[in-house]
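First residue of the sequence shown? That's 58 in our numbering, and the numbers climb one at a time after it.
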Amino acid sequence: PRFNRTTLEVKKPILAVVADNSLSIQYLKAENQVQQTVASLQNNSALNDKFELRLFTIDEVLKDTTAFDFSGKSSNLHEAASGLQNLFRGKSRATVLVSDGNQTGGSDFVYSLGNRNLFSVLLQAIRSNKPMLRLRKST
58 PRFNRTTLEV KKPILAVVAD NSLSIQYLKA ENQVQQTVAS LQNNSALNDK FELRLFTIDE
118 VLKDTTAFDF SGKSSNLHEA ASGLQNLFRG KSRATVLVSD GNQTGGSDFV YSLGNRNLFS
178 VLLQAIRSNK PMLRLRKST
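And the structure:
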């Protein structure tokens with residue numbers, strides 16, 4: 058006799074949340090906005106139901122942590138894109154980038170992501186100290 062067994066495993070797609078941990082965030086006095094934005098994504102039950110959230114910080118290198126100190130000397134967003142591609146090769150993934158949009162090293166990160174979905178939350182400091190959040194989707 059021969060027995061065949063088929064197992065079906067449903068995995069959530071990965072939502073990589075990458076937060077800028079560079080000095081420019083500190084300079085713009087946007088530390089609280091970055092931390093609050095990441096916390097709101099992390100605590101969003103609808104996102105958690107549909108995605109496996111993975112949290113990272115980026116300055117010169119990509120780190121699998123959300124321990125913010127905003128002391129990175131540069132923002133190498135290309136490193137984040139290539140690091141995520143290597144880490145999640147062959148897996149379904151979207152990326153949320155929480156940044157001031159100031160890239161100070163590496164190639165243009167939009168091209169580094171290839172055909173992956175990128176949602177960026179750009180923090181723009183304005184004189185009233187109420188940053189404007191823009192959600193932009195790049196394809």
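From the three backbone atoms N, C-alpha and C, an ideal C-beta is built for every residue, glycine too.
Scanning S156, L134 and E109 for the CA closest to the CA of L119 turns up L134.
Sorting A138, T64, Y84 and S149 by C-alpha distance to the C-alpha of F108 places S149 at the top. Runs of the beta strand (DSSP E) lying entirely within the region 69-140, each at least 3 residues long, are 71-77 and 109-115 in chain order. Distances from the alpha-carbon of P70 to those of R146, N78 and G158 put R146 closest.
Collapsing the DSSP output to three states places L154 in a strand.
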